[in-house]
Structure formats: C-alpha cells, structure tokens
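Chemist:
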Amino acid sequence: MRKFKVLAVLLLVGVLALGLNTLSLATTATGTSSVTLTNAPIFVTVTTPFGTAPSVTSADVVAGLTTVGTATFTVDSTAIYAVTAVTNAGGTTTAAPGTAAFGVGDSAASACQINFNAGAFANGDVGPTSLTAQPATSGGAGTAVVVGLQIDWTQYTDAPSGSYICQIDLTATAP
Amino acid sequence: MSSWMRVGLIIIIFFFLALFPVHDAQTQASLTLTVTSGQSVSASVTKADVEAGRVEILNPTVIEITANVNWQVVASVVIDSFPAGTGNPTALALEVGNNDQPGQFNAGGGLVQTGVPGSFTFSVDFRINLLTLGNAPAGNYGFTITYTIQAQ
Chain A
1 MRKFKVLAVL LLVGVLALGL NTLSLATTAT GTSSVTLTNA PIFVTVTTPF GTAPSVTSAD
61 VVAGLTTVGT ATFTVDSTAI YAVTAVTNAG GTTTAAPGTA AFGVGDSAAS ACQINFNAGA
121 FANGDVGPTS LTAQPATSGG AGTAVVVGLQ IDWTQYTDAP SGSYICQIDL TATAP
Chain B
1001 MSSWMRVGLI IIIFFFLALF PVHDAQTQAS LTLTVTSGQS VSASVTKADV EAGRVEILNP
1061 TVIEITANVN WQVVASVVID SFPAGTGNPT ALALEVGNND QPGQFNAGGG LVQTGVPGSF
1121 TFSVDFRINL LTLGNAPAGN YGFTITYTIQ AQ
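Here the protein sequences come in this chain order: A and B.
Going left to right, the first sequence walks through residues 1 to 175 as my numbering numbers them.
Going left to right, the second sequence walks through residues 1001 to 1152 as my numbering numbers them.
1. Helix, strand or coil for T78 (chain A) per DSSP?
2. Could you pull out every residue in the same chain whose Cβ sits closer than 7 Å to the Cβ of T132 (chain A), ignoring the five residues on either side in sequence?
3. Between N1068 (chain B) and the rest of its own chain, which residues show a CB-CB distance below 7 Å, the 5 nearest in sequence each way excluded?
4. Consider the Cβ of A144 (chain A): report whether some Cβ of chain B lies at a distance smaller than 9 Å.
5. Since I believe V1074 (chain B) is in contact with G1109 (chain B) (beta carbons under 8 Å), could you give me their beta-carbon distance rounded to a whole number of angstroms?
6. Note down, in chain order, every chain A residue with its Cβ under 7 Å from the Cβ of Q1150 (chain B).
7. Taking the Cβ atom as the reference point for each residue, do I1128 (chain B) and Y1141 (chain B) lie within a distance shorter than 9 Å?
8. Kindly indicate which residue of A:T74, A:T66, A:P54 and A:S33 has the alpha-carbon position closest to the one of I1079 (chain B).
9. Please tell me whether V1022 (chain B) has its Cβ less than 9 Å away from any Cβ of chain A.
10. Distance check for T129 (chain A) and F116 (chain A), CA to CA, integer angstroms please.
11. For Q1028 (chain B), name the three-state secondary structure that DSSP assigns.
12. Starting from V62 (chain A), follow the alpha helix (DSSP H) in both directions and report where the run begins and ends.
13. Got a sec: is the Cβ-Cβ distance from A1043 (chain B) to anything in chain A below 9 Å?
14. Please report how far the alpha carbon of L149 (chain A) lies from the alpha carbon of L65 (chain A), in whole angstroms.
15. Quickly, what does DSSP pair V1062 (chain B) with across the bridge? List them, please.
16. Mapping DSSP to helix, strand and coil, what is S107 (chain A)?
17. Could you tell me the alpha carbon to alpha carbon distance between A172 (chain A) and A1052 (chain B), rounded to whole angstroms?
18. On the DSSP letters alone, give me the boundaries of the beta strand (DSSP E) that V1045 (chain B) sits inside.
19. Less than 8 Å between the CB atoms is what I'm expecting for V1055 (chain B) and V1045 (chain B), so what's the real figure, rounded?
20. So which residues on chain A does E1051 (chain B) lean against when the C-beta distance must stay under 7 Å?
21. State yes or no: is the C-beta of G1097 (chain B) within less than 9 Å of the C-beta of L1058 (chain B)?
22. Name, going along the chain, the residues of the segment 43 to 72 of chain A whose beta-carbon falls closer than 9 Å to a beta-carbon of chain B.
23. Quick one: grab the DSSP three-state call for A1052 (chain B).
24. Just list the alpha helix (DSSP H) runs in the segment 122 to 163 of chain A, keeping only unbroken ones of 4 residues or longer that don't cross its boundaries, in chain order.
25. Under the three-state reduction of DSSP, which class applies to A95 (chain A): helix, strand or coil?
26. With 9 Å set as the bound, which would you pick, yes or no: does the beta-carbon of T132 (chain A) sit closer than that to a beta-carbon of chain B?
27. Could you check which residue in A:T45, A:G142 and A:Q113 has the C-alpha nearest to that of I165 (chain A)?
28. Report the three-state DSSP secondary structure of A1075 (chain B) (helix, strand or coil).
29. Span of the beta strand (DSSP E) holding L170 (chain A)?
30. Measuring CB to CB, does W153 (chain A) end up less than 9 Å from A144 (chain A)?
31. Rounded to the nearest angstrom, what separates G103 (chain A) and T48 (chain A) at their Cα positions?
32. Which residues in chain D sit within 9 Å of L1033 (chain B), going by Cβ to Cβ distance?
33. To which residues does DSSP link Q1150 (chain B) through a beta bridge?
34. Could you tell me which residues DSSP puts in a beta bridge with S188 (chain A)?
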C-alpha cells in the first residue's frame, strides 16, 4: 500500500509539472499603431450645366417669365446636409443691360428665380431656396439636385434688348 | 524489485523524458513583434471614397515578427475619438486585412497573418467602412490597433 501511495504522489507531481510547463505556450508579444481618418464630408459637382441661353418669345412677354432650363448638381456626403442656392451671391455675374430699370426693391438678382427639383420658384428678394436635412449618401452615387431657373420680367420696369445673366451659387453644408 | 516498482519507474522516466529537455525545447515559445513603420497612419475622405462607401489604406503599417514556433498575429481595434454629432461609430468601422485571405477584411480586427518559425516582415491593410459611421460630419476619427502574436 505504501508503494502505491508513493507511486500516486509521483504521478501527481508529474502531471502538475506537465501542466505548469504547458503554461509557457501562452507567451505573446504585442505592438500598436493608429489610424486617423480626416473627414471633409461633402462634395458638390456640376453634373449637367444650364444649356444654351434661350431667346425671349412673345409668349414669354405675355406670361412675364422666360424659362431658362435646369442644371443638375450632384452631392456626395457622409453626413446629413443642407443645400441652399442663391442668385447673385457676390454679385459678380448676375447682370442686365445697363439701361434696364427695376421696380422698387427689385434687381437683376431678384429677376433670376430658382427652384429645386421642379418645386416652387423662389423670388431672390425673399431669400435663398434651400433643402434641409438631406440624408447622407455614403456607398452611393450621390444625390442629384436639379436647379431650375427662370427670369421674371415683372421685376423690370424697362427691360431693353441685350444679355441677361444669372449667376447661381449652390452650397451644400454639413455640420 | 516488485512489478509495482517497475511500473512506477517507467512512468517516472516517461514524465522526466517528456519534461527535459526535448519537450521543453518544443514548447518554450519565443515570440517578438515590432511595428517598424506606419505607427501613425492618416487618410482623408475623397468623393470617390464616399461613393464607394469606404476608405482603403493599403500597406501603410509594417510589422516585423520573430518566432520559434508556428504563430499567428491578430489585431484588435478601439475607437479613440470622433466628432460631436456623429452617429455612434464603433471600432467595427475600422476593418483590418487578413493577409492569409487577400481581399478579406475583418471589422474591429481579427486574424492578420499566420506563419511558421522564422523572422518575417509584412504589411497590414486597413479599410474604414463609412456606412457604419452613420452620420459622419467633418472631423477626425481616431482608431488604435493592437497587434498580438501568439503561438498557434
């Protein structure tokens, strides 16, 4: 019986030694690095510019409006964004012939009227047209924003012949 | 010597042979890992990235390892910082490439590479999944990646 106990103890010691030795397999080494992503989340491109300038027709005179057409912008954004469009922002290119005369408070800027996606036209006097809380476009081709343009002749008290130019500034803003 | 004693001696000899020195040489893993370049990597989002839904940063970080056993390197990611107003980004936004399966990326880290004993240098690919960021306003998104080499 004594020999049996000695043998059992030796077996136990051997098993424990094996177990302890196996712990050495847990040896590891580590290292670290970092990645920083700088996100400027929004990109606007002109997909389709306004086409050839139209000529005023008699129907336009009767209606008081000339439809210029549309331009398409594409907005790519990783963030929720807003779009605003204004005429004559900066006043660099919106123009009418030098002898043109305007109603009180009116101007070439207010004569250039815009809308978004075939919505209602906004008189430039009232304020910029805007789209708010547009969804992010990550993983897609971007969202098309169609800007329509018309010239409102009722803004003029005298609109002589010549070139009438509308500048449209479209701004997409993400926080 | 009785039969019990003989059996006991055989078992004891077995254990000691198993422990010294052959067994020890096979299991004492010696592993080192060093990030030799690309410790701090940065990238900026482009229009093409937005349309693709991800930013790929390929081969920016180089790791050197030594091992005397079969090994594997795994990565784990934590997100350190992001702009206010962001839609709950997590470490899963950063995906780490698996060099054993080219083209496979694991969100939040995972297996990077396996190998046999020796000294090796390899690079790590990253991909940031913009779709998982939710609302992702302007600003910096910071991630830390920890690489661990283990015996297989």
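Idealized CB from N, CA, C, for every residue including glycine.
Modeler: Considering the structure as presented:
1. Looking up residue 78 (chain A) in the first sequence gives position 78. The answer is coil: DSSP assigns T78 (chain A) none of H, G, I, E or B.
2. Translated into positions along the first sequence, residue 132 (chain A) becomes position 132. Same-chain partners within the cutoff: A82.
3. As a position in the second sequence, residue 1068 (chain B) is number 68, starting the count at 1. So the qualifying residues of the chain are A1029, S1030 and P1117.
4. Locating residue 144 (chain A) in the first sequence gives position 144, where the first residue counts as 1. A144 (chain A) does not count as touching chain B.
5. Within the second sequence, the letter at position 109 stands for residue 1109 (chain B). Within the second sequence, the letter at position 74 stands for residue 1074 (chain B). Indeed, because the Cβ distance is near 7 Å, the residues count as touching under 8 Å.
6. Residue mapping note: residue 1150 (chain B) aligns to position 150 of the second sequence, counting from 1. Within chain A, the residues near Q1150 (chain B) are T28.
7. To locate residue 1128 (chain B), count along the second sequence from 1; it is residue 128. To locate residue 1141 (chain B), count along the second sequence from 1; it is residue 141. Yes.
8. Position 79 of the second sequence, counted from the first residue, corresponds to residue 1079 (chain B). The shortest C-alpha separation from I1079 (chain B) is found at A:S33.
9. Taking the second sequence and counting its residues from 1, the one referred to as residue 1022 (chain B) is at position 22. Any reading at V1022 (chain B) must be qualified, since the residue scores a pLDDT of 47, below 50, and its modelled position is unreliable; the value itself is stated next. Not closer than 9 Å to any Cβ of chain A, the Cβ of V1022 (chain B) fails to qualify, so no.
10. Here residue 116 (chain A) refers to the residue found at position 116 of the first sequence. Here residue 129 (chain A) refers to the residue found at position 129 of the first sequence. Approximately 7 Å, taken between the alpha carbons.
11. In the second sequence, counting from the first residue as 1, residue 1028 (chain B) sits at position 28. Q1028 (chain B) falls in the coil class under three-state DSSP.
12. Locating residue 62 (chain A) in the first sequence gives position 62, where the first residue counts as 1. S58 to A63 is the span of the alpha helix (DSSP H), which, as asked, contains V62 (chain A).
13. Residue 1043 (chain B) sits at position 43 when you count from the first residue of the second sequence. So, interface residue.
14. The residue labelled residue 149 (chain A) in the question sits at position 149 within the first sequence. The residue labelled residue 65 (chain A) in the question sits at position 65 within the first sequence. Cα-Cα distance, rounded: 10 Å.
15. The residue labelled residue 1062 (chain B) in the question sits at position 62 within the second sequence. Its beta-bridge partners are B:S1037 and B:S1123.
16. For the purposes of this step, residue 107 (chain A) is taken as the residue at position 107 of the first sequence. Correct three-state label for S107 (chain A): coil.
17. Residue 172 (chain A) sits at position 172 when you count from the first residue of the first sequence. Residue 1052 (chain B) sits at position 52 when you count from the first residue of the second sequence. Their Cα atoms are separated by approximately 20 Å.
18. Residue numbering aside, residue 1045 (chain B) sits at position 45 when the second sequence is read from its first letter. Note, V1045 (chain B): premise wrong, no beta strand (DSSP E); not H, not E.
19. Residue mapping note: residue 1055 (chain B) aligns to position 55 of the second sequence, counting from 1. Residue mapping note: residue 1045 (chain B) aligns to position 45 of the second sequence, counting from 1. Going by Cβ atoms, the distance from V1055 (chain B) to V1045 (chain B) rounds to 6 Å, so yes, they are a contact pair.
20. Taking the second sequence and counting its residues from 1, the one referred to as residue 1051 (chain B) is at position 51. D76, G140, A141 and G142, listed in chain order.
21. For the purposes of this step, residue 1097 (chain B) is taken as residue 97 along the second sequence, with counting starting at 1. For the purposes of this step, residue 1058 (chain B) is taken as residue 58 along the second sequence, with counting starting at 1. Yes, the Cβ-Cβ distance between G1097 (chain B) and L1058 (chain B) is below 9 Å.
22. Answer set for the segment 43 to 72 of chain A: F43 and T45.
23. As a first step, residue 1052 (chain B) is located in the second sequence; it is residue number 52 there, counting from the start. Looking at A1052 (chain B) - three-state DSSP - the assignment turns out to be helix.
24. none
25. Here residue 95 (chain A) corresponds to residue number 95 of the first sequence, with the count starting at 1. In this structure, A95 (chain A) counts as strand in the three-state DSSP scheme.
26. Here residue 132 (chain A) is taken as the residue at index 132 of the first sequence, counted from 1. It does not: the Cβ of T132 (chain A) has no partner Cβ on chain B nearer than 9 Å.
27. The sequence position of residue 165 (chain A) within the first sequence is 165, counting from 1. Checked all of A:T45, A:G142 and A:Q113; the closest Cα to I165 (chain A) is A:Q113.
28. In the second sequence, the residue the question calls residue 1075 (chain B) occupies position 75. The answer is strand: DSSP assigns A1075 (chain B) an E or B state.
29. In the first sequence, counting from the first residue as 1, residue 170 (chain A) sits at position 170. First-last of the beta strand (DSSP E) with L170 (chain A): I168 to T173.
30. Your numbering for residue 153 (chain A) matches position 153 in the first sequence. Your numbering for residue 144 (chain A) matches position 144 in the first sequence. Not in contact: W153 (chain A) and A144 (chain A) (Cβ atoms no closer than 9 Å).
31. Sequence index remark: in the first sequence, residue 103 (chain A) carries index 103 (1-based). Sequence index remark: in the first sequence, residue 48 (chain A) carries index 48 (1-based). Going from the Cα of G103 (chain A) to the Cα of T48 (chain A) covers about 33 Å.
32. In the structure shown, chain D cannot be found, because the protein chains are A and B.
33. In the second sequence, the residue the question calls residue 1150 (chain B) occupies position 150. Answer is A:T28 and B:Q1072, bridged to Q1150 (chain B).
34. It is not possible to answer for residue 188 (chain A), since the shown part of chain A is limited to 1 through 175.
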